[in-house]
Amino acid sequence: MESTIKSPQENEDHTWRVRLLKIWRRNGPGYLFLLPWLIGFFGLTLGPAIASFYLSFTNYDLLEPARWTGLSNYKFAFFNDARLHKSLSVTFTYVMWSVPLRLSVALALAMVLDRSVRGVSFYRATFYLPSLLGASVAVSVLWRQIFGSEGLVNYLLLLTTGITGPSWVTHPDYALSTLIVLAVWQFGSPMIIFLAGLRQIPQDLYEASSMDGAGSLRQFYRITLPLLAPVIFFNLVLQTIEAFKTFTQAFIVSGGTGGPVDSTMFYSLYMYLEAFANFRMGYASALAWILMVIIGIFTSIAFLTSKYWVYYEDERR
Amino acid sequence: MKTTRKSFPWGQFTRHALLILASLLMIYPLLWMMSSAFKLDSQIFSSMGLLPTEFNLDNFIDGWSALRVDFAVFYINSFVIAFLSVLGNLMACSLTAYAFTRLEFRFKKFWFALMLGTLMLPYHVTLVPQYILFSQLGWVNTILPLVVPKFLAVDAFFIFLMVQFFRGIPREIDEAATLDGCGPWRIYWRIMLPLSTPILATAAIFSFIWSYDDFLGPLIYLNDMQGWTVPLALRAFVDASGGESLYGELFAMSTLSLVPVFIVFLAFQNLIIRGVALGALKR
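Line by line, the protein sequences give chains L and E. Per this note's numbering: the first sequence = residues 1 to 317. Per this note's numbering: the second sequence = residues 318 to 600.
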């Protein structure tokens, strides 16, 4: 348009520029909007993840440069680290007890609330409150006192039965149970999700089945459970992952030691201590990747088996 | 619909009685802590009642300045970090979500899949290298490691939440705006954000609560007591109180620390519960 005659060189230059402009028009705004996330993704997620994978094969204490040690971190973790094995068993025990208990209580109360019309929002809010506050240090502090040797539980025990209870939080046999109780106490958020799921179940299914003479137990097994299965599945996966990540509660209740005798040495707490108390950054990175694999296995087991027990309404056979 | 008889609804009655009992059991520990905050130490464990005989504010006054630094400083630190976290999450995550739902660019699907992938990544994997990075930048003992990631949309959960919401906004609206000559920025700022207040509010609430409650982050990055947040101060209080003589003060400060979250809960109950139902659980 501007010039009448162009040298081939100039022409090529021109089309090249036009093409660049076109690429920019098509992609520029999108990438500009995406820029903060891209920086964060490469700088704070992907980069660190790769670095952590590399570090897991080294010894690194922040002061001297990382020293490549091959598989020795993993070998130590698998075969020699008794404390890690203890920590794994503590964490698995916690997950195996706290997740099913929490979900059962959540489901039971969601079903009760689903039936009663009046005051649902009040009860829902009250039951949810502990979930909301439960992650705070304040509640963990409270727990430590409630289950302490002169705590509320022992006071009630003495009052009702005359038994002098032990100091639950500092007794190796009971300390973990107090944390499981704390987790079950926070059943509020899965309960809310169950409530939302129960609302989706068509009421006429219940009416029709009760006309056919089905009792409420039968209705629970034949209607509620199968139709709620996707929601239960969703809760199960998420709660399991969250339980593996538990840190604050164990840290505060045990005073940051994972004690007594490592009985509350949760995996996350052990990794924290290795990294930031003992400055074994390489070993801590190996621990992070082992956890990643464990969580991955649990998630994929849940996903792979889901087709045998999860019923999605839209895939009627 | 289930009972059509006119007789006294015993079923409803017992159900409500049980529910009220269960509610009381659930919040009893919290109420007990609250009332203990007003009691003398000698009274705390000698009664399980909830009503203190007198409202004694000594625990609050003594607890407030029991550590070398006043709790006022801890609250300011906590609020500054929480406020900046909310701001960062809202800005960065909404920009990202807008790009993923409304703009066209190459490799969009690829980036979106990666973003969803980061939802599954446990924080453990990035914890150590992030610490090394921030300490080499000289950011340890500042609030930057706790705040800057929020401005880079590292919390993919909020992106996910906003993407879901933006998809529900009819495309005709921004197509009309494009015809009127609006660029993507104007559409984002003048149309998408104002239409998304419910989800922005939900994201703001959860991001406030999580940031205010966060313990691990401050524990790692904030060493100097002047820079501590409220949870760190409480933890130091536990260690300091060792014996039982400071229970009252500890309870007073713990109770106080729950107040901001509790106020947010009272004010935005419905948004929070809807947010949880959307999958905003995490805990």
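Note that CB positions come from ideal geometry on N, CA and C, so glycine has one too.
Using only the alpha-carbon positions, how far apart do residue i and residue j sit?
i        : j        : result
E:Leu444 : L:Leu46  : 12 Å
E:Leu341 : L:Val120 : 15 Å
L:Met1   : E:Gly434 : Note that L:Met1 scores 46 on pLDDT, short of 50, meaning its location in the model is unreliable; the coordinates nonetheless yield the value given after this. For L:Met1 and E:Gly434, the distance between alpha carbons rounds to 49 Å.
L:Ala196 : E:Phe523 : 19 Å
E:Asp602 : L:Arg218 : Here chain E has residues from 318 to 600 only, and residue 602 of chain E is not among them.
E:Arg332 : L:Tyr206 : 20 Å
E:Ala597 : L:Arg17  : At E:Ala597, the pLDDT of 47 sits below 50, so the modelled position is not reliable and the matter cannot be decided from this model.
L:Phe251 : E:Asp541 : 20 Å
E:Thr546 : E:Ile490 : 44 Å
E:Met350 : E:Gly592 : 28 Å
E:Leu588 : E:Leu454 : 38 Å
E:Tyr564 : E:Lys426 : 55 Å
L:Ala77  : L:Leu44  : 26 Å
E:Lys599 : L:Gln239 : In this predicted model, E:Lys599 has a pLDDT of only 46, less than 50, meaning its place in the structure is not dependable enough to derive any value.
E:Ile393 : L:Ala208 : 59 Å
L:Arg317 : E:Val442 : Low confidence applies here, because L:Arg317 scores a pLDDT of 39, under 50, leaving its location unreliable and the question unanswered by this model.
E:Val480 : L:His171 : 48 Å
L:Met265 : E:Gly328 : 46 Å
L:Arg19  : L:Asp13  : 10 Å
L:Ser104 : E:Leu335 : 17 Å
L:Ala243 : E:Ser382 : 35 Å
L:Thr322 : E:Ile344 : The requested residue 322 of chain L does not occur in the structure, where chain L is confined to residues 1 to 317.
E:Lys319 : L:Ala108 : Because the pLDDT at E:Lys319 is just 48, under 50, the model does not fix this residue reliably, and the value given afterwards should be weighed accordingly. Near 20 Å, if we compare the C-alpha coordinates of L:Ala108 and E:Lys319.
E:Leu357 : E:Asp379 : 12 Å
E:Leu504 : L:Ala214 : Before going further, note that residue 504 of chain E is Ile rather than Leu in the sequence given. One C-alpha to the other measures close to 55 Å.
L:Tyr283 : E:Met437 : 22 Å
L:Thr299 : L:Ala229 : 16 Å
L:Ala277 : E:Gly500 : 52 Å
E:Phe396 : E:Tyr538 : 17 Å
L:Arg199 : L:Gly30  : 39 Å
Cβ of residue i within 8 Å of Cβ of residue j?
i        : j        : result
L:Phe33  : E:Leu412 : yes
L:Pro226 : L:Gly188 : no
E:Met570 : E:Leu549 : no
L:Ser140 : E:Asp530 : no
L:Tyr221 : L:Leu84  : no
L:Gly40  : E:Leu420 : no
L:Phe57  : L:Trp68  : yes
L:Arg102 : L:Pro190 : yes
E:Ile590 : L:Arg124 : yes
E:Ile528 : E:Ser402 : The residue asked about is misnamed: residue 528 of chain E is Ser in this sequence, not Ile. Yes, the pair counts as a contact, with Cβ atoms nearer than the cut-off.
E:Val578 : L:Leu132 : yes
E:Thr418 : E:Arg484 : yes
E:Gly534 : E:Leu461 : no
L:Thr178 : L:Trp168 : yes
L:Asn235 : L:Ile294 : no
Could you tell me which chain L residues have their CB closer than 8 Å to the CB of residue i, listed as they occur along the chain?
i        : result
E:Trp506 : Under the 8 Å cutoff, chain L gives no residues; its nearest Cβ is about 11 Å from E:Trp506.
Can you pull the DSSP bridge partners for residue i?
i       : result
L:Trp68 : L:Thr58
Taking C-beta pairs closer than 7 Å, name the residues in chain E that residue i reaches, listed in chain order.
i        : result
L:Ser52  : Val442, Thr443, Val445, Pro446
L:Ser285 : Val445
L:Arg124 : Ile590
L:Ala138 : Leu551, Ser571, Ser574, Leu575
L:Lys22  : Near L:Lys22 there are no residues of chain E at all, since even the closest Cβ is about 12 Å away, more than 7 Å.
Closest Cβ-Cβ distance between residue i and chain C: below 8 Å?
i        : result
L:Ala106 : In summary, chain C is missing from the structure at hand, where the protein chains are L and E.
For a contact meaning CB atoms closer than 7 Å, what does residue i contact in chain L?
i        : result
E:Trp349 : Leu152
E:Ala409 : Pro36, Trp37
Applying a beta-carbon distance threshold of less than 9 Å, which residues of chain L neighbour residue i?
i        : result
E:Val386 : The contacting residues do not exist; E:Val386 stays about 17 Å from chain L at best.
E:Trp428 : Leu34, Trp37, Leu38, Phe41
E:Phe582 : Ala125, Tyr128, Leu129, Leu132, Leu133
The ligand ATP and residue i: does the residue's C-beta get closer than 7 Å to at least one heavy atom of that ligand?
i        : result
L:Val169 : Although the ligand ATP was asked about, the structure shown includes no ligands whatsoever.
Going along chain E in order, which residues have a C-beta closer than 9 Å to the C-beta of residue i?
i        : result
L:Trp289 : His441, Val442
L:Ile146 : Pro346, Trp349, Met350
Along chain E, in chain order, which residues have C-beta atoms closer than 8 Å to that of residue i?
i       : result
L:Thr45 : Thr435, Leu438, Thr443, Val471
L:Ala49 : Leu438, Val442, Thr443, Pro446
Q: Compile a chain-ordered list of the residues in the stretch 266 to 283 of chain L whose CB is closer than 9 Å to at least one CB of chain E.
A: Of all residues in the stretch 266 to 283 of chain L, Tyr267, Ser268, Met271, Tyr272, Ala275, Phe276, Met281, Gly282 have a Cβ within less than 9 Å of some Cβ in chain E.
Q) According to a CB-to-CB cut-off of less than 9 Å, which residues of the stretch 291 to 303 of chain L neighbour chain E? A) The residues in question are Leu291, Met292, Ile295, Gly296, Thr299.
Q: Would you list, in chain order, the members of the stretch 562 to 578 of chain E that have their beta-carbon closer than 7 Å to a beta-carbon of chain L?
A: Identification of residues in the stretch 562 to 578 of chain E having a C-beta nearer than 7 Å to some C-beta of chain L yields Tyr564, Leu567, Ser571, Ser574, Leu575, Val578, given in sequence order.
Q: With 8 Å as the limit, tell me which residues of the stretch 466 to 495 of chain E have their beta carbon closer than that to any beta carbon of chain L; keep them in chain order.
A: In summary, the residues of the stretch 466 to 495 of chain E whose CB is separated from some CB of chain L by less than 8 Å are Pro466, Phe468, Leu469, Ala470, Val471, Ile476, in the order they occur in the chain.
Q) Taking a cut of 7 Å between CB atoms, which residues from the stretch 412 to 424 of chain E lie near chain L? A) The residues in question are Leu412, Thr413, Tyr415, Ala416, Leu420, Glu421, Phe422, Arg423.
Q.
Closer than 7 Å between beta carbons: that is the criterion. Which residues of the stretch 529 to 552 of chain E meet it against chain L?
A. Result list: Asp530, Phe532, Leu533, Ile537, Pro548, Leu551, Arg552.
Q: Output, in sequence order along the chain, the residues in the stretch 249 to 264 of chain L whose CB is closer than 9 Å to any CB in chain E.
A: Answer set for the stretch 249 to 264 of chain L: Phe251, Ile252, Gly255, Gly256.
Q) the stretch 58 to 92 of chain L: which residues have C-beta closer than 9 Å to a C-beta of chain E, in chain order? A) Hits within the stretch, in order: Tyr60, Leu62.
Q: Compile a chain-ordered list of the residues in the stretch 160 to 185 of chain L whose CB is closer than 9 Å to at least one CB of chain E.
A: For the stretch 160 to 185 of chain L, which is checked against every Cβ of chain E, the residues closer than 9 Å are Trp185.
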